[in-house]
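Listed in order, the protein sequences are those of chains H, B, R and A. Using the working numbering, the first residue of the first sequence is number 1, and each one after it goes up by one. Using the working numbering, the first residue of the second sequence is number 1, and each one after it goes up by one. Using the working numbering, the first residue of the third sequence is number 1, and each one after it goes up by one. Using the working numbering, the first residue of the fourth sequence is number 1, and each one after it goes up by one. I have placed the structure first, in the form of structure tokens, so that the comments after it can refer back to it.
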Amino acid sequence: MTVMNMIEALNSAHDVMMGRDPDIVVMGEDVGYFGGVFRVTAGLQKKYGKTRAFDTPIAEGGIAGTAIGMAAYGLKPVVEMQFADYIYPAFDQIVSEAGRMRYRTAGEWTLPMVFRSPYGGGIFGGQTHSQSPEALFAHVCGIKTVIPSNPYDAKGLLIAAIEDPDPVIFFEPKRIYNGPFDGFHERPVTPWAKHPAAEVPEGYYTVPLGKAAVAREGNDVTILAYGTMVHVALATAEEQGIDAEVIDLRTIVPVDIDTIEASVKKTGRCVIIHEATRTGGFGAELAALVQERCFYHLEAPVQRVTGYDTPYPHSLEWTYFPGPTRLGIALKKALED
Amino acid sequence: MTVMNMIEALNSAHDVMMGRDPDIVVMGEDVGYFGGVFRVTAGLQKKYGKTRAFDTPIAEGGIAGTAIGMAAYGLKPVVEMQFADYIYPAFDQIVSEAGRMRYRTAGEWTLPMVFRSPYGGGIFGGQTHSQSPEALFAHVCGIKTVIPSNPYDAKGLLIAAIEDPDPVIFFEPKRIYNGPFDGFHERPVTPWAKHPAAEVPEGYYTVPLGKAAVAREGNDVTILAYGTMVHVALATAEEQGIDAEVIDLRTIVPVDIDTIEASVKKTGRCVIIHEATRTGGFGAELAALVQERCFYHLEAPVQRVTGYDTPYPHSLEWTYFPGPTRLGIALKKALED
Amino acid sequence: MTSSNERRNRPALSLHVPEPDARPGEEVDFSGVAIPAAGSVARPDINVAPADIRDLPYTLIRVLDDDGKAVGPWDPRLDADTLRRMLRDMAMVRVYDERMFRAQRQGKTSFYMKSLGEEAVAVAAAHALDRDDMCFPTYRQQGLLIARDYPLTEMMCQVYSNAGDKLKGRQLPIMYSDREKGFFTISGNLGTQYPQAVGWAMGSAIKGDSRIAAAWIGDGATAEGDFHNAVTFAGVYRAPVVLNVVNNQWAISSFSGIAGGELTTFAARAVGYGIPGLRVDGNDPLAVYAATRWAADRARSNLGPTLIELFTYRVEGHSTSDDPSAYRPQGAGAKWPLGDPLMRLKAHLIGLGEWDEERHQQLLDQLGEEVKAAQKESEKLGTLGGEAAQSVESMFDDVFAELPWHLQEQREQALAEAEAKRK
Amino acid sequence: MTSSNERRNRPALSLHVPEPDARPGEEVDFSGVAIPAAGSVARPDINVAPADIRDLPYTLIRVLDDDGKAVGPWDPRLDADTLRRMLRDMAMVRVYDERMFRAQRQGKTSFYMKSLGEEAVAVAAAHALDRDDMCFPTYRQQGLLIARDYPLTEMMCQVYSNAGDKLKGRQLPIMYSDREKGFFTISGNLGTQYPQAVGWAMGSAIKGDSRIAAAWIGDGATAEGDFHNAVTFAGVYRAPVVLNVVNNQWAISSFSGIAGGELTTFAARAVGYGIPGLRVDGNDPLAVYAATRWAADRARSNLGPTLIELFTYRVEGHSTSDDPSAYRPQGAGAKWPLGDPLMRLKAHLIGLGEWDEERHQQLLDQLGEEVKAAQKESEKLGTLGGEAAQSVESMFDDVFAELPWHLQEQREQALAEAEAKRK
Ligand SMILES: Cc1ncc(C[n+]2csc(CCOP(=O)(O)OP(=O)(O)O)c2C)c(N)n1
Ligand SMILES: Cc1ncc(C[n+]2csc(CCOP(=O)(O)OP(=O)(O)O)c2C)c(N)n1
Ligand SMILES: [Mg+2]
Ligand SMILES: [Mg+2]
């Protein structure tokens, strides 16, 4: 066990898997010699050679398209999209091709591959370095979508994603890449060394896709969260002394419905939090599911705490960010209703 | 007033507006001399000239990108994307550029433009000529999304969309392009001549964006629908003798929340129907909204009747299609619960 | 900086919108098509520097002359058996196409696409490639499957989406897939296969394999960003791939000028990326063979990608949904000056003394019988529109390797719905 | 068809991954860079057929020779006032950049990007274009705004996202926009502006206007599909647009070989589309001016688009977030053989007797004062990270022309949240 931050844990996942499986190739803008603008792939080219970790042209559609071809050949590409905001030129290849290949060929061609991408706000990246487009991928069929919230999960989930026989989108909340984040951007943080989830085994292990974690047990209200928002949820519950159960979804497709249902049936109240724009966000799906399945247990409407339906602004970053105050208001309402 | 089918009504909308406003240009694959693969733009090039209605290269991203440039210049492009399934290469231009231009420039650059596209299943188009991607556009901010269900609305909404100062995505359900559709694909249909909504004024009129229509009044359950599904809803209510209120949303962003709320508060039950894949579909947003706003009026969970989370298969088209049987089961459940 | 006053005196700009030579009601006129003599184009060594052959994209590589004789340096000198086999394959594509087109008209399926006049493009390439090179085709290269002996019944079952369709009725007709035959699944989305082919070839190179990839795209679809992505990546990594552009001069109703064909050739795109570009008479099976082989040899020798424009003509409509007389003069295809690839190869074989009219008629009769028999066979397994050949359950398979809970639930709902419908 | 047995004896394929000449710790070596003599490239008439100038992309248009003399047919023969103005503008860009870079390091904003060594690219083009031609820049053409007299305070307010920022703090620093100055809003998404510029030019042509468009893209970003879309559409419709590729040889940590620069020049892309391609010494302000003017004149005469590669060097890091010593030898920029555009124009003016060291120092001092004054002025309106300069309400404006109900609600929630935070 070592203390790792998220970047180190993700780097370690690559390293472990490239060592185990010669079919894994890592590709993306600046991922080769330089090791990626966030350094997640640092050292891989040196260790595994230029044909297993290499820079690509700046053409996300070409990256996805050629990676799909490599997967069809028999390799297992792990692709970095430099920012989630820049994944759209690859949207057609991911959605129409990667997501549908197994289906349209009735299993004749399958694509074991991972699209990783830094994601979310909180680093003053402005509207094109802050987006959270997970709901887009959740809606189209044939793609799994994973979003870790801590170093231990990040490594274990990435290894599971690499081993998965189908394409996986893997969003890495960049707010928690380096330092930990304890929910309040304006306060000092507890260093990783004191977070149990930063204790990361150096070797191989997996965290299964499709399984949520109960990040905090509680009885009065369920908070459904993923990525950076898990830390907002934990901080808010703590700060306000609310007996909230915080579920860290980890995978949103397929979502762990059993864990969600069990929790909401226990608490009778549910608040969902995500950073993405509200309308049609994954929170809508979660709210729909919860009320479909727990209708007779619900004592208050399911609430969504989200980013606003505007681009992520540069200067008002922390006004946009769904932090403890916004969640606190919702929790209060959920408990009062 | 003339009886028009949907194609004729849409063609008329183009004609009326091109006659009124010299800044309107029509562009897309095969839309010029030929008048479009569904003939929606037939005759426009002949009447308004080659520089106002012209064919484009097969490059949806280029079509969107150049159209954005034209709108920035001061024109009002009305763009045809040949099939909604082929809009993805333009996704970046539409989402990152068209949808955010006004915001990122604080109103300095605005883009009055319409992206039209045939949409939905029911014509044996297989997985790449049947998709309903409206939820993707509903989630990203800055774009209005419109889906008409009949010729009268189609023309009036398209004119309103062309006049709107912001980018509008306009999805045209191709199952109801030509003939009417009375919900049951295997039964004969009543000709347009007997549908009041096929009485279309030849000149200018608008149907406002953001306003739903009550397609059928009722007291026991609210059905939220748009496009082809409006006809499924009407047919099912009729067939089963259910006192259902059918709301034809017409615009999904911004959605007409007042009409929805009023209806559900009256009926206490709500079933949503759409053709798109279920997970993260616009039905999720509607379900989330309804339970948020009508929680204490709901007597049963809000249900979603949708396409399945698979690609639209060719041979099993009518098994996939959310028809009266599927809706009937949900309605029965909603009324029994 | 010129002031804006000065500018105001300048002449008005105008937009150029390309227009084909002739529209319905007008006479089609191919006299402007430049056709260099067969045999007139030099054949460089495969290890030529791309910079030294920048003029190749502006001519037309042709082997068969007007008398059906093979001439010049690109003559691949094929033996008579191979030539007869190519003739047979092209004829088979034509007979098969004709029959499936009719089947669609008879309501047995929803859609069909022919490749009439373009048969050489796929068939000759299939013969020039290795059997296990991987092909990334469009919907108009059914000739690859036929040349590689894919069973006709399999093809027909796919077209019918019937119980024998190994794709479980999921794909539109003609969107075949066969991994074993090296035929990559066809996508409805134009152009997507092009970078995928490059990626496959990169994979082969990464693994030190010796198989190469070949891809096809239409003149119209070259405008897609995927085309650019593919050629960029192919050039950067010197991927072992043959990139074919089938310029049949039409993209549904749009002539090739709308794709950029007015300004230069499609083969010239290669020059922009610094890779070799060949422009080939696509109706000359020997020229197609020779060019493909040249490019394949380069690829296999680690010399990188080649772009080949196959200059041909779409003789009929785009698909069963299309009527070309709405946008171009009727019968234009019959006047195409580069002729019919099948007739040209036939004349060549007859000239060699290796073929005659009688054997040709026998061949056609025999192919007709084969196709008829295959059709009968495959129709036993159903046609589209009858009772659905696929089970309701099957619809939920293959979205993922395993069925997640939500698809399990949806499958149960679908079964319940089917049950309710039966009542 | 060769059988697979035969294939198995073939040599193994291998993947080529481009690698720059030198990495950190190695000596940078520019001796391989081919630099034709200034004045050696012929200047064709603007109505030349693109097919007749297919060789232009493989040379380098240069006007200023090593002694600072303007030579050859591309010499634009500018008067001394214009030259001095260009010198001033380039110097201003440099002083401004330096100051804003420092402001970022001082924590006054989140991000900054310099254009050190590339100032001629934007400044000379601005002078060659008409004042109301529309520019579609990347983040490295701040020189356009400066040459068009956009107030420095406006620029700084944008960089600070402060109360004076007319973009309401919404955009990342340096993503300026000014319609009045013909400076299109910069996008974070690479390449998107390129087809937009073509569309704007098409609009101008449709309307019979006489204004043209000009666009810039980096060497790295030419790989995006948008590049292909733009050039395709520009060619098809003969759009009146000047398409510039700024080849500064780096894209963050990737050298231009990763974008395809090993195989041919970026100007050569033009050949693939059948439009003229010029390759220009981007550090030679007179060459940039002359080439831009040639292309602009073509566009304005309805002769269509031109692609111009500006060959230059990114002397410093990609942005304030980047440290180039991690991937290329330190100090490489200083060794770039085409020199510094500012110094070259200065030498030229001195050679003409129109400038001297003293006036140069005065100029720099004066610019320094101007920038300092502007900074003081703009900082009065705040810097990033202080109390947010924009109101919470403002965040919801401009998503649409009118505020729909859901944004109204969200605005109210945001105000309530702000209220709760204050407590
Ligand atoms: C991305 C995408 N856009 C549009 C279409 C609709 N479409 C199908 S075929 C076709 C024309 C293609 O022409 P070309 O590439 O020349 O091939 P050809 O049909 O001539 O073989 C079009 C526009 C599509 N299938 N995919
Ligand atoms: C679509 C997209 N992909 C990736 C990025 C991230 N990115 C920003 S700048 C840059 C490098 C661009 O290099 P180049 O085009 O050569 O321009 P330069 O910075 O050299 O001026 C990258 C990869 C982006 N902004 N947009
Ligand atoms: Mg074609
Ligand atoms: Mg660069």
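For every residue, glycine included, the Cβ atom is placed at its ideal position computed from N, Cα and C.
Contacts around residue i, its chain only, beta-carbon distance under 6 Å, and the 5 residues preceding and following it disregarded
i, result
"V253 of chain B", "A138, K144 and T145"
"K421 of chain R", "none"
"N229 of chain R", "P195"
"R20 of chain H", "none"
"V342 of chain H", "The structure shown does not extend to residue 342 of chain H, since chain H spans only 1 to 337, so no value can be given for it."
Whole-Å CB distance - residue i paired with residue j, under 8 Å assumed
i, j, result
"P324 of chain H", "T306 of chain H", "P324 of chain H to T306 of chain H, Cβ: 14 Å. No contact."
"E29 of chain H", "S254 of chain A", "7 Å"
"Y313 of chain A", "G117 of chain A", "6 Å"
Distance CB(residue i)-CB(residue j) smaller than 8 Å
i, j, result
"L381 of chain R", "G169 of chain R", "no"
"D219 of chain R", "V246 of chain R", "yes"
"K114 of chain R", "D97 of chain R", "yes"
"M113 of chain H", "A98 of chain H", "yes"
"R23 of chain R", "Y33 of chain B", "yes"
"T236 of chain H", "L331 of chain H", "yes"
"W432 of chain A", "R43 of chain A", "Nothing can be reported for residue 432 of chain A, as the shown portion of chain A is limited to 1 through 423."
"L111 of chain H", "A71 of chain H", "yes"
Residue i beta carbon near ligand 3 (any heavy atom closer than 7 Å)
i, result
"A251 of chain R", "yes"
"G218 of chain R", "yes"
"R300 of chain R", "no"
heavy atom of ligand 2 below 7 Å from residue i C-beta
i, result
"G117 of chain A", "no"
"N5 of chain H", "no"
"V290 of chain H", "no"
"T138 of chain A", "yes"
"Y88 of chain B", "no"
"I58 of chain H", "yes"
Cutoff 8 Å; reference residue i; Cβ partners in own chain excluding five residues on either side
i, result
"V399 of chain R", "L407"
"R175 of chain B", "G120, G121, G122, I123, F181 and T228"
"S301 of chain R", "I46 and N47"
Heavy atom of ligand 4 within 7 Å of residue i beta-carbon
i, result
"N244 of chain A", "no"
"R314 of chain A", "yes"
"N283 of chain A", "no"
"N248 of chain A", "yes"
Proximal residues to residue i (C-beta, below 7 Å), its chain only, five neighbours per side dropped
i, result
"W405 of chain R", "none"
"G191 of chain A", "I217, A221, E224, D226 and F227"
"G317 of chain A", "D323 and P324"
"N5 of chain A", "Reliability of the predicted coordinates at N5 of chain A is poor, the pLDDT of 48 falling under 50, and no value is obtained from them."
"P18 of chain A", "G257, I258 and E262"
"K181 of chain A", "L145, R148 and Y150"
Which residues, taken in chain order from the stretch 51-73 of chain H, show a beta carbon closer than 9 Å to some beta carbon of chain E?
Of the chains in the structure shown, none is chain E; the protein chains are H, B, R and A.
Checklist entry - Which ranges would you report for the alpha helix (DSSP H) in the stretch 108-148 of chain R if only whole runs of at least 4 residues count? => result 119-128 and 142-147
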